[in-house]
Amino acid sequence: MVEFSLWDIVSNLLLAARWTLVLSLIAFVGGGLVGLALLVVRTTPNRSLQQAVALYVQLFQGTPLLMQLFLAYFGMAMLGVETSAWTAAAVALTLYSSAFLTEIWHGCVKSIGKGQWEAAQSLALNFGEQLRYVIFPQAARIAVAPTVGFLVQVVKGTALASVIGFVELTKAGTMITNATFKPFVVYSCVAVLYFLICYPISLYARSLEGKFHVQR
Amino acid sequence: ETALDNIQKAKLIKIAIPTDFPPYGFVGIDLKPQGLDIDMANYIATKMGVKVELMPVTSANRIAYLQTKKADLVISTLGKNPEREKVIDFTSAYSPFFQAIYGAKTLSVKSMNDLAGKTVAVTRGAIEDQELTKVAPAGAELKRFEDNNATVSAYVSGQTQLLATGASVAGVMMQKNPQLNAEYKLLLKDSPNFIGVGKGEDALRTKVNAIIAEAKKSGDIDKMAQKWLGRPAGQLPE
Amino acid sequence: MSNADSSTAAVAITGLRKSYGSNEVLKGIDLQVQPGEVIAIIGKSGSGKSTLLRCINGLETFQHGSLTVQGQPLVYDDPAAMRTLRQQVGMIFQSFNLFPHLTVGKNIQLAPGLVKRLAATETEATARRLLARVGLAEKFDAFPDQLSGGQQQRVAIARALAMSPGILLCDEITSALDPELVGEVLAVVESLAQEGMTLLMVTHEMNFARKVSDRVIFMHQGRVHEQGAPDALFSNPQTPELRQFLASIH
Amino acid sequence: MSNADSSTAAVAITGLRKSYGSNEVLKGIDLQVQPGEVIAIIGKSGSGKSTLLRCINGLETFQHGSLTVQGQPLVYDDPAAMRTLRQQVGMIFQSFNLFPHLTVGKNIQLAPGLVKRLAATETEATARRLLARVGLAEKFDAFPDQLSGGQQQRVAIARALAMSPGILLCDEITSALDPELVGEVLAVVESLAQEGMTLLMVTHEMNFARKVSDRVIFMHQGRVHEQGAPDALFSNPQTPELRQFLASIH
Amino acid sequence: MAIELDFVAVLTEWPLLLKGVAWTIGLTAVSAVLGVLLGIGCAWVRTQGPRWSRPGVAAYVELIRNTPFIVQLFFIFFGLPALGVRLSPEWSSVIAMVINLGAYSAEIVRAGIQTTPAGQIEAAMSLALSRMQTFVHVVLPPALQRVWPALVSQIIIVMLGSAVCGQISTEELSFAANLIQSRNFRAFEAFIVATAIYLLLSIATRATLNWFGQRFLFGGRRG
Ligand SMILES: Nc1ncnc2c1ncn2[C@@H]1O[C@H](COP(=O)(O)OP(=O)(O)OP(=O)(O)O)[C@@H](O)[C@H]1O
Ligand SMILES: Nc1ncnc2c1ncn2[C@@H]1O[C@H](COP(=O)(O)OP(=O)(O)OP(=O)(O)O)[C@@H](O)[C@H]1O
Ligand SMILES: [Mg+2]
Ligand SMILES: [Mg+2]
Chain A
1 MVEFSLWDIV
11 SNLLLAARWT
21 LVLSLIAFVG
31 GGLVGLALLV
41 VRTTPNRSLQ
51 QAVALYVQLF
61 QGTPLLMQLF
71 LAYFGMAMLG
81 VETSAWTAAA
91 VALTLYSSAF
101 LTEIWHGCVK
111 SIGKGQWEAA
121 QSLALNFGEQ
131 LRYVIFPQAA
141 RIAVAPTVGF
151 LVQVVKGTAL
161 ASVIGFVELT
171 KAGTMITNAT
181 FKPFVVYSCV
191 AVLYFLICYP
201 ISLYARSLEG
211 KFHVQR
Chain B
217 ETALDNIQKA
227 KLIKIAIPTD
237 FPPYGFVGID
247 LKPQGLDIDM
257 ANYIATKMGV
267 KVELMPVTSA
277 NRIAYLQTKK
287 ADLVISTLGK
297 NPEREKVIDF
307 TSAYSPFFQA
317 IYGAKTLSVK
327 SMNDLAGKTV
337 AVTRGAIEDQ
347 ELTKVAPAGA
357 ELKRFEDNNA
367 TVSAYVSGQT
377 QLLATGASVA
387 GVMMQKNPQL
397 NAEYKLLLKD
407 SPNFIGVGKG
417 EDALRTKVNA
427 IIAEAKKSGD
437 IDKMAQKWLG
447 RPAGQLPE
Chain C
455 MSNADSSTAA
465 VAITGLRKSY
475 GSNEVLKGID
485 LQVQPGEVIA
495 IIGKSGSGKS
505 TLLRCINGLE
515 TFQHGSLTVQ
525 GQPLVYDDPA
535 AMRTLRQQVG
545 MIFQSFNLFP
555 HLTVGKNIQL
565 APGLVKRLAA
575 TETEATARRL
585 LARVGLAEKF
595 DAFPDQLSGG
605 QQQRVAIARA
615 LAMSPGILLC
625 DEITSALDPE
635 LVGEVLAVVE
645 SLAQEGMTLL
655 MVTHEMNFAR
665 KVSDRVIFMH
675 QGRVHEQGAP
685 DALFSNPQTP
695 ELRQFLASIH
Chain D
705 MSNADSSTAA
715 VAITGLRKSY
725 GSNEVLKGID
735 LQVQPGEVIA
745 IIGKSGSGKS
755 TLLRCINGLE
765 TFQHGSLTVQ
775 GQPLVYDDPA
785 AMRTLRQQVG
795 MIFQSFNLFP
805 HLTVGKNIQL
815 APGLVKRLAA
825 TETEATARRL
835 LARVGLAEKF
845 DAFPDQLSGG
855 QQQRVAIARA
865 LAMSPGILLC
875 DEITSALDPE
885 LVGEVLAVVE
895 SLAQEGMTLL
905 MVTHEMNFAR
915 KVSDRVIFMH
925 QGRVHEQGAP
935 DALFSNPQTP
945 ELRQFLASIH
Chain E
955 MAIELDFVAV
965 LTEWPLLLKG
975 VAWTIGLTAV
985 SAVLGVLLGI
995 GCAWVRTQGP
1005 RWSRPGVAAY
1015 VELIRNTPFI
1025 VQLFFIFFGL
1035 PALGVRLSPE
1045 WSSVIAMVIN
1055 LGAYSAEIVR
1065 AGIQTTPAGQ
1075 IEAAMSLALS
1085 RMQTFVHVVL
1095 PPALQRVWPA
1105 LVSQIIIVML
1115 GSAVCGQIST
1125 EELSFAANLI
1135 QSRNFRAFEA
1145 FIVATAIYLL
1155 LSIATRATLN
1165 WFGQRFLFGG
1175 RRG
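Taken in sequence, the protein lines are chains A, B, C, D and E. Be aware that the first sequence starts at 1, since it is given in the numbering used here, and climbs by one per residue. Be aware that the second sequence starts at 217, since it is given in the numbering used here, and climbs by one per residue. Be aware that the third sequence starts at 455, since it is given in the numbering used here, and climbs by one per residue. Be aware that the fourth sequence starts at 705, since it is given in the numbering used here, and climbs by one per residue. Be aware that the fifth sequence starts at 955, since it is given in the numbering used here, and climbs by one per residue.
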């Protein structure tokens, strides 16, 4: 059997942390794009489309990410769609983050006064232009802080990708625990690494929040 | 199209292997899987003349990999039983394996009945879980964990009094944790390992069976057992 | 439905009825506005003044009657037609509604650039000219929140004018302003009236209405209750409702 | 520091100085208030009127001087002593500050129940009596946001009275009210004055001050600049500052 | 590839599922109550508690909010025994959930407290209420009312997060689903059923908590 030094543990975890970062990036970019599309749909005056998006949000916020990952990985294969772990993780994490991001951004859009919409309308801008030039730029300013804050949730969410075979930070931790029989040390290291990734993001989000409040 | 056709066309075979089950499958300092099952996977791929893609799985999800064709073969300390044969097919056995119950020397466990009132860590969905569920007395408390990592960790960290797992895993565990003073208590089941193939993939099964038969004859199977288990494979069922 | 002189009228409204749910807010409005006419709309709170203005540029949909603007009937379902309509009808709001993330200049340039697809140099020239006209030439690069309320409202007027609308709707554009700032905004509106802009304005400034408008419309409970030349209407109201309304104001 | 008649005075203030950072807001206040006296405090915005009141019931700490209330000096560091003090000094605020999550009745009952540990039946009886007294008997179960401003302010008065304070401080309690609601609140205060409550009130209602108060204090730049009986003070101001202040009001 | 879904095979195991649902609800209920109380306590410390204790609470909140729940759970269950603290899977799950929810609700409640108008506190003080009475009777109820929707969402997130507690053998809903699928290999059916139950649970939880807050926390009426 092999012996792990503390450095072996840490360096392996660091290597695995790369995947945590890559997964987070995928989730965030995918979730952002889909979330934006859903946001547009949700802002249109069409009732049934709005409700469809609300249902989507309800569905993916109302079920565990763990289950979503599992169903994306094995369930899609059941339906005959060949999925790699990467595809499944990307799909599940995208669905999950897009639901949350749409919700966050929708709140920001709603906080823009009705007067702004009406002013844009009465200047003959069409719906797309109203969103693009008047509403979204203003909503974006409020949205930056909570969006960055949500990034922390995404990073932590990737821990669950271990159930579909991803050797990211958490899974690496479990595997090393099994080889070393030192759970306390290993999970402490895992926790510290997550903290090192997430805390700066949290701080940044908070400082953005502060800046925004000063501006107003 | 059969799985075998696909393998030969792609020149690639996808094999599910364990990473939580020393010495059959575990990780080294480079986090690369190694062990008897990994060697077996590589051996089969070589004999078939194709490349191999190893997919780490857990006891709980390895069948799903086969069912959804994410893996062509499962070489993951897979024991055979009638329930499993309903959903997947098995080749002949390739390595010996027996599951047992382990616990501290100070704990008196002479028969299955002594399990009453004790906590046992076991991996959810593994052969030992099914076996234990059948034979354990009513008062025994089975704690079922997601994968073998968690099961062993639970026992080592003292969360349970007893551990039900493969003999080899337990051997490594006891060697690494002399302070636990653990010993072999009861045999659960002697269940050699088989290779799982998808239901109805007879071409592939025949092909793998041929490779195993060949390896038994040539002594390669015994060599692998010697390398990882410290003894020859012995008589294995077809 | 169309009507004899509605093709020459700037705005022609016939039998317009509008409800919010079961609450009928406009109960049959008939109104013809000639090009260059300046109309002041007065009336109690809740009488439907804002709703009427908002119907004219299509911010609200109505259920019955017809409304044509410069000869074109309103078609809500046709975004292109609505867009054409709104290019002809500018609107200024009580709460200014400037875009806070854009500079004053960009506020004014936005719509001409997007809707009329004019070049940036051209829209900038227009913006500077209009800002000068409302007395804010030096505020081109300021942001709205750096301006006083009166200045913001003047920017809003410039922004509406940048689309060169034939008709301008003003909804109580001075009531959110501190009293000392009202004058500067009214001065701009007065100059527009003198230049022949078709104006419909809801206002509580009776003196201003008297001085500037060609016709005063008194609305009461969703109807045009009384109308006429300002001097006649203010000095000799015909209905008890208008008398009471004027009394409550003075 | 204590002073000859501070033991009999309701409030005795000597040499009180208070700064926010480097900004000295109260620059040495001397003031004796006799039991039953009704004092009106007037002065320009920023002259320190609110700060003085807030010092008296310990909402602000001051740096120099002494302040005794019914013979007891203020000790900020002793929460128990502060609570005893505040039971004797009620305060009513410009913005009412009713507790929005409690009914009117519960607003009034809260402090007697918690602080004086009176039984619920007793506090309820008191609450109903006081509500009746401010003319709101039927509002016992209403929530604050269901009341008009004048009604809310009367509830605030009832809430303060429920602690049976010896002294009542009122800080511009009518200035957040619509003009037509001011009267009902002032009527309640007047009745309190007539019943012999010791009152210190900051007010901009000069007529009311003249009618109700025994003494008027004019504050200017953190000092008691002039004081005296209301008639004398208003009709014959001694200092140019007070003259100017009174002129700016009328 | 056509695999026939057989939900009957899963639903016949309903006693297991029922037990799982019961555990999930139980874990959530206990940790919601204790977690929110812990959060209120921490929010109190951070806004008006003794200064020396604030950094400790801040560290706790940040540590929990910036590490995954599953790692916290593993740490408590597998890691703490190395320090001689041995907790059953169920206790470990409850404690992990309470600690997790506590940190989040501390931030949420604090936000609510900080938007309390100064006048409310001054009014309470001038009525001779003590600091603690002011906090409990004047500051907290409206603050909770303001942040209740956020708090409810967080409780639901924690409930859904409890799905990973099955990995340390707590027999909650996802454990039940896993156990069923490891017996009959009907993985998809089991997970689809579990997912549907989770969805129903979150909808029901939100409705219940909204009603509860309205009825018992905010003076029995809409804000
Ligand atoms: N979006 C809406 N939904 C429902 N009812 C509305 C809406 N907007 C206005 N109303 C109602 O329509 C009626 C007329 O409102 P409108 O704003 O046109 O009055 P107004 O004459 O402009 O009053 P004010 O002088 O207060 O601005 C009012 O009774 C109002 O309550
Ligand atoms: N919390 C505070 N921090 C710093 N400065 C303050 C604070 N509160 C009041 N001040 C300053 O203290 C001075 C006196 O304020 P105070 O509120 O007592 O005046 P006032 O006479 O009550 O005025 P008003 O009639 O406007 O209520 C002002 O210059 C004010 O800016
Ligand atoms: Mg209006
Ligand atoms: Mg004041």
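Glycine included, each C-beta is placed from N, C-alpha and C at the ideal position.
Reduced DSSP category for E478 of chain C - H, G, I as helix; E, B as strand; rest coil
strand
I'd like to know if A429 of chain B contacts chain E, where contact means its C-beta is closer than 8 angstroms to some C-beta of that chain.
Judged by the 8 angstroms Cβ criterion, A429 of chain B is not in contact with chain E.
Closest to L654 of chain C by CA distance: which of C:A686, C:H679, C:E638 and C:P619 is it?
The closest CA to that of L654 of chain C, considering only C:A686, C:H679, C:E638 and C:P619, is found on C:P619.
Same chain only: Cβ atoms within 7 angstroms of Q1087 of chain E, ignoring 5 sequence neighbours per side
Contacts found: none.
Determine which residues of the region 198-212 of chain A have a Cβ less than 7 angstroms from any Cβ of chain E, and write them out in chain order.
C198, Y199 and S202
Can you tell me whether S549 of chain C sits near ligand 3, meaning its C-beta is under 7 angstroms from at least one heavy atom of the ligand?
no
Distance between L402 of chain B and A956 of chain E (C-alpha atoms, nearest Å):
With a pLDDT of 47 at A956 of chain E, under the threshold of 50, the modelled position of that residue is not reliable, and no figure is offered here.
Quick check on the burial criterion: 16 or more other C-beta atoms within 10 angstroms. Buried or exposed for F150 of chain A?
buried
Name the chain B residues that come within less than 7 angstroms of S1123 of chain E, Cβ to Cβ?
K359, R360 and F361
From E:A1158, E:F1145, E:F1172 and E:R1169, pick the residue whose C-alpha is nearest to that of F74 of chain A; which is it?
The shortest CA-to-CA distance from F74 of chain A to any of E:A1158, E:F1145, E:F1172 and E:R1169 is the one to E:F1145.
May I ask whether a heavy atom of ligand 3 can be found less than 7 angstroms away from the beta carbon of V920 of chain D?
no
Check the Cβ of Q563 of chain C against every Cβ in chain A and list those closer than 7 angstroms, keeping chain order.
The premise fails here: Q563 of chain C is roughly 11 angstroms from chain A at the closest Cβ pair, so nothing lies under 7 angstroms.
With DSSP as the reference, please indicate the residues paired to V1118 of chain E in a beta bridge.
Answer is none; V1118 of chain E lacks a bridge partner.
To the nearest angstrom, how far is it from the Cα of G769 of chain D to the Cα of A951 of chain D?
33 angstroms
Using a Cβ-Cβ cut-off of 8 angstroms, state whether F547 of chain C counts as contacting chain A.
Chain A contact via Cβ: present.
For a cutoff of 8 angstroms on Cβ pairs, would you count L65 of chain A as touching chain B?
no
Can you tell me which of the three DSSP states A770 of chain D falls into?
Per the sequence shown, residue 770 of chain D should be read as Ser rather than Ala. Of the three classes helix, strand and coil, the one that applies to S770 of chain D here is strand, per DSSP.
Taking C-beta pairs closer than 9 angstroms, name the residues in chain A that S327 of chain B reaches, listed in chain order.
The premise fails here: S327 of chain B is roughly 29 angstroms from chain A at the closest Cβ pair, so nothing lies under 9 angstroms.
I want to check one thing, is the minimum distance from the CB of S504 of chain C to the heavy atoms of ligand 6 below 7 angstroms?
Ligands displayed in this structure: ligand 1, ligand 2, ligand 3 and ligand 4; ligand 6 is not among them.
Pick helix, strand or coil for I26 of chain A, following the three-state DSSP scheme.
helix
Using a Cβ-Cβ cut-off of less than 7 angstroms, list which residues of the region 1061-1078 of chain E approach chain D; keep chain order.
G1073, Q1074, E1076 and A1077
Counting pairs of beta carbons, one from the region 906-916 of chain D and one from the region 869-883 of chain D, are three or more of them closer than 8 angstroms?
yes
Hey, quick one: how far does the beta strand (DSSP E) through A120 of chain A stretch, first residue to last?
A120 of chain A -> not in any beta strand (DSSP E); alpha helix (DSSP H) instead, spanning K114 to S122.
Could you give the distance in angstroms between the alpha-carbon of M901 of chain D and the alpha-carbon of P739 of chain D?
8 angstroms
From I279 of chain B to S1136 of chain E, what distance separates their C-alpha atoms?
Taking the straight line joining both Cα atoms gives about 9 angstroms.
Quick check on Q451 of chain B - is its C-beta less than 8 angstroms from some C-beta in chain E?
no
Taking Cβ-Cβ distances below 7 angstroms as the criterion, which residues of the region 1133-1152 of chain E are in contact with chain B?
Per Cβ criterion, the list reads L1133, S1136, F1139 and A1141.
Can you grab the Cα-Cα spacing for the pair Q1068 of chain E / T1001 of chain E, in whole Å?
8 angstroms
Is N811 of chain D near ligand 1, in the sense that its beta carbon is under 7 angstroms from a heavy atom of that ligand?
No; taking the cut-off as 7 angstroms, the Cβ of N811 of chain D has no heavy atom of ligand 1 nearer than that.
I'd like the span of the alpha helix (DSSP H) that includes F150 of chain A, first residue to last.
F136 to G157
Buried or exposed by the 16-neighbour rule on C-beta atoms within 10 Å, applied to R947 of chain D
Flag for R947 of chain D reads exposed.
Members of the region 644-662 of chain C near chain A, C-beta cut-off 7 angstroms
none
Looking at the structure shown, is D734 of chain D part of a helix, part of a strand, or coil, going by DSSP?
D734 of chain D falls in the strand class under three-state DSSP.
Closer than 9 angstroms, Cβ to Cβ, to anything on chain E: give me those residues from the region 272-284 of chain B, in chain order.
Of all residues in the region 272-284 of chain B, only S275, A276, N277, I279, A280, Q283 and T284 place a beta-carbon less than 9 angstroms from a beta-carbon of chain E.
Residues bridged to Q315 of chain B by DSSP?
B:G382 and B:K405
Minimum Cβ-Cβ distance from A143 of chain A to chain C less than 8 angstroms
Among the CB atoms of chain C, none fall inside 8 angstroms of the CB of A143 of chain A.
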